[in-house]
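The sequence shown maps to residues -31 to -1, 1 to 472 in mature numbering (1 follows the signal peptide of the UniProt record, and there is no 0).
C-beta atoms are modelled at their ideal positions from N, C-alpha and C, and glycine is treated no differently.
Below you'll find the structure, written out as structure tokens, and then a few comments.
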Amino acid sequence: MTVHRFSRRAFLQGSVSALALSSLPSLPAFAQNAVRVRPEWQEFRGTSAYASFIDAIRTMRANTNASSRASLQYWADAHGAFGLHSAPHFLGWHRAFLYAFEQQLRIVSGNNSLVVPYWDYYRNPQIPAEFTDPATGNPLYMPRMNTNVFNALSLAPFASNIRNFQRGTSNAFEPLLEDAPHNPVHNIIGGIMGSVAQAPQDILFFLHHANIDRLWHAWAMPDGKGIPWTSSPYWSGSYRVTSDWAVPRAQCYHPNWLGSDYSSTALPTALPAQAMTKGRVIRVQAQAGRRRGRPPIGDFATTGPRAIDAGRRSLGGARDIGLSENSVSVQVPLRGAETDTVQTIAIRARGKKAGKPFPSTGYKSISIVLDDIKVLPAGKAGGYFYKVYLNLPENGDSSDTESRHLLGTVGAFEVGAATHHAHHGGQSGSGAPQLVFPATEALANISADEYKNLTVSLVRVSGDNAPKGRAISVGEVRVEASTDEPYDTTPNAPAPAGSPYKR
């Protein structure tokens, strides 16, 4: 399970007051929404709605007034200001954002039946040809680093043991889906798609998020899996999607309640073997980032144990790490007391997962922190990302390496979100941008003789076009102990009879 701890300013302001809601656009009652089906792009481009879609996007791209809802810049600014990333409600907020943009698209087009189609990259990882044609006047074209996202794809969110939903629970779907394919698709495509603040300027953003929303819906079928029911406090309040538009959170439980459905609710069962474009078969390269062992350990200066704040302590780390086209490992040697802390947390985590709580009044969880993280000029265009692992085996590979050792992903998109968050006062400790990867579950999977040397590996995954040289710098990689509970192992109650997933 991966849950980045930093949360967005918008999440902290998530519950919009009744007074504020009175001035925002209202939504119809749940049952009153006419349900329109979002098709896959290849199907959509052959429909009569295609011309309306192209005309609407052309109009919105030509509108340079960023304060106008009829401009793409307005939606890019809203995503940058209010979007939830690496935080609770990532999926719910983006469902609401997609709904709001679709309403505006209908207004601009004059077509009240217009929908945002989805791009099923698990079926064809090649960006649709209409988006890569640089012909003058094509509103779908944007400069991008890559046109194939195969290396961004993962089947991990759809494993049979993923039965919980929200962050803070074990085997949780939302953080897994955000870690891959969501973040890597942004990163591999690159260009504006790699920027949190500007991604909606690329219309692929909306097709990508329609597919992410579809995958969430497909995973939840047929019984709702671990999504809390709408009576849960989880759904209290509203999502602010723009400066003057909010959507009740509970209405985002099911896409039908926002008037949407999908032409296919099939989950991917395998990675695509090939891509089709303009009538030609393109063999897809073997997925990058597959290891034959741990990357070499870099020669980095170490940092010692120290308090971060009242509830967090660094057990040790390394500083001044540069990430380039070469994968690298960062070893953090621990001293006696710090090793004991790690061992205690690991034993407690194993007991917690087995339903045998191990009492503790001290530190309860471990995170890997990438502090003072920056995208360097060579890496700003994207086209790459890194998989972050804890204690990869030194030699060989195994089928369960991803689930046992993977903590998450890092690329320009994630760093951009962390940087925006730090600039708005949301970071503690150093005050610099940082990414936090909860590692307690991964820690519980390693043997006790490894506790004295924890190793963080950053495995580079590149698209066909990717930068060389230093792309990202990290001021410090550290192992951090916290008094916070690592996760909740109690599964959510099944959806009641009134759920649309209980048909």
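Asked                                                                                                                                  : Found
Identified DSSP bridge partners for residue 291                                                                                        : 442
Alpha-carbon to alpha-carbon, residue 351 and residue 112                                                                              : 12 Å
Exposure label - residue 454; buried when at least 16 CB within 10 Å                                                                   : exposed
CA nearest to the CA of residue 159, picked from 431, 148, 339 and 277                                                                 : 431
Contacts around residue 234, its chain only, beta-carbon distance under 8 Å, and the 5 residues preceding and following it disregarded : 183, 186, 187 and 190
Helix, strand or coil at residue 285 [DSSP, three-state]                                                                               : strand
Own chain, CB closer than 7 Å to residue 460, minus 5 neighbours either side, in chain order                                           : 132, 133 and 195
Neighbourhood of residue 99 by C-beta, 7 Å cutoff - its chain only, sequence neighbours within 5 removed                               : 14 and 109
Close-in-space but distant-in-sequence residues of the same chain around residue 149 (CB under 8 Å, 5 per side omitted)                : 121, 122, 123, 125, 126 and 378
Spatially closest choice to residue 178 from 272, 406, 23 and 48, by CA coordinates                                                    : 48
Residue 377 (DSSP reduced to helix, strand or coil)                                                                                    : strand
Extent of the continuous alpha helix (DSSP H) run through residue 486                                                                  : No answer is possible for residue 486: it lies beyond the span of the chain, which begins at -31 and ends at 472.
Buried versus exposed, by CB contacts within 10 Å (16 or more), residue 26                                                             : buried
Beta-bridge pairing of residue 209 - partner residues as DSSP gives them                                                               : 215
Residue from 450, 435 and 467 with nearest C-alpha to residue 116                                                                      : 435
Residue 232 to residue 332 span [Cα, whole Å]                                                                                          : 48 Å
Environment of residue 429 [buried if 16+ CB atoms lie within 10 Å]                                                                    : buried
The segment 47 to 67 in contact with the segment 212 to 228 per 3-pair CB rule at 8 Å                                                  : yes
Residue 167: first and last residue of the uninterrupted beta strand (DSSP E) it sits in                                               : Run containing residue 167: none; DSSP gives neither H nor E here.
First and last residue of the uninterrupted alpha helix (DSSP H) at residue 418                                                        : Segment: none, residue 418 is in no alpha helix (DSSP H) and carries neither H nor E.
Which of helix, strand or coil DSSP assigns to residue 71                                                                              : helix
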